[in-house]
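Below you'll find the structure, written out as structure tokens, and then a few comments.
Protein chains in written order, with the numbering used here: chain A, -13 to 535; chain B, 69 to 395; chain C, 1403 to 1688.
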């Protein structure tokens, strides 16, 4: 339901519901839904409600200052950006009707739609866009998405509906960054975002108006009849907060929930009976993210490339996909999603080969000298701990399988599962880890400066594996400062080659997103962007409507 | 009576202080600092912002100062604001969830007493009978079953397969459009499974206690005397013995409050009931210290109240105490 | 000789009473069987409990896997058997810690009385006032949820009952003749506590420890449900049951067997504890 993650970049796969929500958020071409009902036989009509399940409560109603995907999902129905991604991941008009980019790429001029109304009836103007920008760069705003806006050199309001932004140098993700949720100046100016009335009763321009948030219970949204793209068909959107995954699934089976994500086991084994197939449509497409095993490159043992390559060879990725995803996923070879224009399929791969792994480790000086089955060097056994976050079954299973495989080549692995907040604050930020299993969520733009650039290794920054490679730095710089797609493609192809060869992290797999929607909902058209991009066009034919007050 | 109450209340004050100190210690066991959450995942939030937060929450001051500041606010029921991104007042967050948890626990306790007391009496008067043995096994099975497992099994049976009862939550989605009687019926239907599961687990404690207490009483001299006087057995048991056997049960009522509240963590999570237990788990995971402290303190205060209530009812039931205090 | 005396005075009447209680005997038998299972787990388990096979995910019970396989294709029987060790370990160590603290503080309070007693008992009251599970959760969530933390925290939050028992026993015993005379003979404090009073206090402590083990096993499973229990790949009944919860409808075996294991064990300990208590309590003898 998230229509393009505004500041794009990456969301460090989020809190407890990571996969569940990720599954809903994004998708790709080979989407093959088993949608019920033939298109065209039903008439779109207004009415009914859709009930979604969320494993965690939202953390706030102003998405700009939250970082969990549940809040973003809700926020994206209440607010709009100037631009958004369409079903093919192209940037298209949202509040901005059109825009001009200067030849040198340094200046973007937005022409806003006229007559876009905030939910309280006030008209949206360029002043609101300017206000949003100021809020985002204000150091007092507790947001994680300010970086893109710091690239802005100058910003000016030309008239009520025109708005111009200038950059000091070409900045490829510039346009996408204006997908940020626009905030109402007339309600927020001079107020603390967190304490403002808006934080309890948000006013946006989006397709849905906020109705109520019962903490820990539900969030209810109601259709905005004056939405500028037309009133959405579904009258109410209800997010039910259900903190236990098993309960969510039972509710789904009892038809108390219309829309959620499935686990691979549920997808393949628990939903293949006639009643379920009649009542729900399952979808499957490649998710926008991948799971990896990352090394702390400050650890001398992992600084040796041969050790990292050996570990890559010791892991059987097919087995992971089989065991963790029941085959519902693809091998990851680099930091990009297969099938995108910048994805390089011809990089070095690391087939499962324990003998080769042992040989590489031997070259690096790791041998089993005392015959206890564990490799050692200078009497130091090869032993490390893999950390991962709690609440993610996939990562837990991945850790268990890797642990076993590494033991077979003589590396002893411990697993530690830590709840998210502590995991990030105590271990990742402080670099107190040896290895981690985590996922990166991906945005449509290939700029991954924040993950791989050597200047981004600070405690609050995302290059937490402390990867440093001058050539990679150069390619990242080149890639983000040009608009020429062919050039960018060349840079990112080269980047993938280096990363594949160096294995600063072992790229494990790209999971499939497995959303399920009650079959009374029509108008769902799977596309590269998944299914949620056209949510406002979903409808329930009159005769199938269930919740009629 | 009033005197007695006042005395009891005064005795609670050192307890309360102890409670706050332990809560405070628990919080500071945590490695790392609680301020990081406000800017969680904020790779772009600078060190300056963090320092500001630290000052805001007084975390740059020495521990005892932090404690005293916090204590003085706590007395005024001001627990501060939650560290979570919603930044709401802790007292509001707790207040909106507390009634649900209390409702659940009161219903649970009521059901437990209604079932456990008769079981306890009957198994005592028929010690080692088939009834005694069967109920012993049944109540212990209740205690021994991991409650989240039982909850899931019942959800599958009554929710998915039979479709008789709602699976989770507290209200149906169309709750607000229902007439009043239907709203109450709706609420009751949602409460049946959680209360049932919770009560089943709690039967053992009370029924065994009741049995024990009854066994002791019926071996007392005055009961023998009553019997010797030729009073009918029924009258001996239910008039003389029962009253005395019930007294100790009343005292453990108060003590069982913390256990009940603690147990609500599991039920509220599995049944998706937005009560205090659920809030506590989420806050513990997120290291939302103000909320954790608030709930620990409120939970302890509730227990104190429970004890007080138990004491008062005890003194009402037992004339010896009343006379002793007033005389 | 001493043994004989003990036997006559204490064990024999106890046993006479205990063996008449069939439920208690059943409990005792369950506990013994459990010990055997845990001790012999390496011999009894048909597979390595961590050996997975992605081709055999969630297979129903069969001759090859009598209790089926789990979500990684591991043998559930082997995991439940090995899990018995962990679950029992958690139970015993946690109760050991609780008992040690309880006996120590209870003895101090009971023996010295006065302000020592008042202070310790106030502390007991404070601890009893906390919702224990909240305290457990907070501490485990903050610290590392390793098996040691879990055992430690269950122990540290569970000693109050023992302390009260021991103290009460002291109060009733210390005015008795044999203690008085020992003191008159100039025996040191710790000697009096160790030789005369403690042995008499042990019976109720034993009963409470038996219940404590059952409680600790249940607590571990509740913590596992919240993801704070024993960490993978070490199997405990709590975490196997939690794994099974997500697949409860297609793979009933994955939750049924660990669930039953917990149920039967906790039941066994409770019946045993009740039996011991009844047999020890002269007032309840018929």
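Positions of the beta carbon are idealized from the N, C-alpha and C atoms, including for glycine. On a predicted model such as this, the values are computed, not experimentally measured, just so you know.
Legend entry - Chain-ordered chain B contacts of residue 533/A [CB-CB under 9 Å]: Result: 241, 242.
Legend entry - Backbone secondary structure at residue 299/A - three-state DSSP: Looking at residue 299/A - three-state DSSP - the assignment turns out to be helix.
Inset, instruction - Please name the residue, chosen from 181/A, 430/A, 210/A, that lies closest to residue 538/A on a Cα-to-Cα basis. - result: Look at the range of chain A in this structure, -13 to 535, and you will see that residue 538/A is not part of it.
Inset, instruction - List the whole-angstrom C-beta distance separating residue 246/A from residue 102/A, where the pair is believed to meet the contact cut-off of C-beta under 8 Å. - result: Between the beta-carbon of residue 246/A and that of residue 102/A there is about 32 Å, and that puts the pair past the 8 Å contact cut.
Legend entry - Any chain B beta carbon closer than 7 Å to residue 191/A: Not closer than 7 Å to any Cβ of chain B, the Cβ of residue 191/A fails to qualify, so no.
Legend entry - Chain-ordered neighbours of residue 1651/C on chain A, where CB pairs are closer than 7 Å: Neighbourhood of residue 1651/C in chain A, by CB distance below 7 Å: 256, in chain order.
Inset, instruction - Starting from the C-beta of residue 1457/C, find all residues in its chain whose C-beta is less than 8 Å away, skip the five residues before and the five after it, and write them out in chain order. - result: If we look at residue 1457/C and ignore the five residues flanking it on each side, its Cβ neighbours are 1475.
Inset, instruction - Pull up the distance between the alpha-carbon of residue 133/B and that of residue 435/A, whole angstroms please. - result: In a straight line, the C-alpha of residue 133/B is about 44 Å away from that of residue 435/A.
Inset, instruction - Under 7 Å between beta-carbons, which chain B residues line up against residue 1533/C? List them in chain order, please. - result: Under the 7 Å cutoff, chain B gives 326, 329, 330, 367.
Inset, instruction - Could you tell me the boundaries of the beta strand (DSSP E) in which residue 145/A lies? - result: That run of the beta strand (DSSP E) goes 138 to 145.
Inset, instruction - Determine whether the Cβ of residue 1496/C lies closer than 7 Å to any Cβ atom of chain B. - result: By this cut-off, residue 1496/C is not an interface position.
Legend entry - Given residue 384/B as reference, the closest of 150/B, 261/B, 315/B, 172/B once Cα atoms are compared: For residue 384/B, the closest alpha carbon among the candidates 150/B, 261/B, 315/B, 172/B is that of 315/B.
Legend entry - Endpoints, beta strand (DSSP E) assigned at residue 247/A: Element bounds for residue 247/A: 245 to 247.
Legend entry - Min CB distance residue 1431/C to chain B below 7 Å: It does not: the Cβ of residue 1431/C has no partner Cβ on chain B nearer than 7 Å.
Inset, instruction - Return the chain-ordered ranges of every alpha helix (DSSP H) run that is complete within the segment 28 to 110 of chain A and spans a minimum of 4 residues. - result: List check, alpha helix (DSSP H) in window: 55 to 64.
Legend entry - Members of the segment 294 to 315 of chain A that neighbour chain C once the beta carbon cut-off is set at 8 Å: Residues 305, 308, 309, 312.
Inset, instruction - Taking a Cβ distance cut-off of 9 Å, strictly less, list which residues of the segment 1454 to 1475 of chain C are near chain A, in chain order. - result: Near chain A, meaning a CB-to-CB distance below 9 Å, the residues of the segment 1454 to 1475 of chain C are 1454, 1455, 1456, 1457, 1459, 1460, 1473, 1474, 1475.
Legend entry - Boundaries of the beta strand (DSSP E) in which residue 279/A is found, first to last residue: From DSSP, the beta strand (DSSP E) with residue 279/A extends over 275 to 281.
Legend entry - Which residues DSSP lists as bridging residue 193/B, in chain order: DSSP output for residue 193/B lists no bridge partner at all.
Inset, instruction - Would you verify that the beta carbon of residue 1635/C is, or is not, closer than 7 Å to some beta carbon of chain A? - result: With 7 Å as the cut-off, residue 1635/C counts as an interface residue toward chain A.
Inset, instruction - Identify the continuous beta strand (DSSP E) that holds residue 214/A and give its terminal residues. - result: Taken as a continuous stretch (DSSP letters only), residue 214/A belongs to no beta strand (DSSP E), as it is neither H nor E.
Legend entry - C-alpha gap between residue 387/A and residue 377/A, whole angstroms: So the two alpha carbons sit approximately 17 Å from each other.
Inset, instruction - Would you check if the distance between the CB atom of residue 1575/C and the CB atom of residue 1568/C is smaller than 7 Å? - result: No.
Inset, instruction - With a cut-off of 8 Å on the beta carbons, I'd call residue 279/B and residue 192/B a contact; round off their distance for me. - result: The Cβ separation is near 5 Å, so the contact holds.
Inset, instruction - Just tell me which of 528/A, 529/A, 527/A, 522/A has its CA closest to the CA of residue 208/A. - result: It is 522/A whose Cα lies nearest to the Cα of residue 208/A.
Legend entry - Test: residue 217/B CB closer than 7 Å to a CB of chain C: Output row for residue 217/B: interface = yes.
Legend entry - Beta-carbon spacing of residue 1506/C, residue 1440/C below 7 Å: No, the pair does not count as a contact, with Cβ atoms beyond the cut-off.
Inset, instruction - Would you identify the three-state DSSP class for residue 127/A, choosing helix, strand or coil? - result: Residue 127/A carries a coil assignment under DSSP once its states are collapsed to helix, strand and coil.
Legend entry - Closer than 7 Å to chain A by CB, residue 282/B: Closer than 7 Å: no.
Inset, instruction - Report the rounded CA-to-CA distance for residue 369/B versus residue 1525/C, giving the unit in angstroms. - result: Rounded to the nearest angstrom, the two C-alpha atoms are 15 Å apart.
Legend entry - chain B residues whose Cβ lies nearer than 9 Å to that of residue 1641/C: Residues of chain B with a Cβ closer than 9 Å to the Cβ of residue 1641/C do not exist, since the nearest Cβ in that chain sits about 12 Å away.
Inset, instruction - State buried or exposed for residue 351/B, treating a residue as buried only when at least 16 other CB atoms are found within 10 Å of its CB. - result: With 16 or more other CB atoms across the displayed protein chains lying within 10 angstroms of its CB, residue 351/B is buried.
Inset, instruction - Apply the 10 Å Cβ neighbour rule to residue 6/A and answer buried if 16 or more other Cβ atoms are within range, or exposed otherwise. - result: Since pLDDT at residue 6/A reaches only 33, below the 50 mark, its modelled position is unreliable, and no value is offered.
Inset, instruction - Specify whether the segment 1553 to 1566 of chain C and the segment 1491 to 1501 of chain C touch according to this definition: at least 3 beta carbon pairs, one from each stretch, less than 8 Å apart. - result: Output reads yes: the segment 1491 to 1501 of chain C touches the segment 1553 to 1566 of chain C.
Inset, instruction - List the residues of chain B that residue 227/A touches, going by C-beta distances under 8 Å, in chain order. - result: Under the 8 Å cutoff, chain B gives 340, 342.
Legend entry - Own chain residues within Cβ distance below 8 Å of residue 372/A, not counting five before or after: These residues qualify, in order along the chain: 279, 385, 388, 389, 399, 400, 401, 402, 420, 421, 422, 423.
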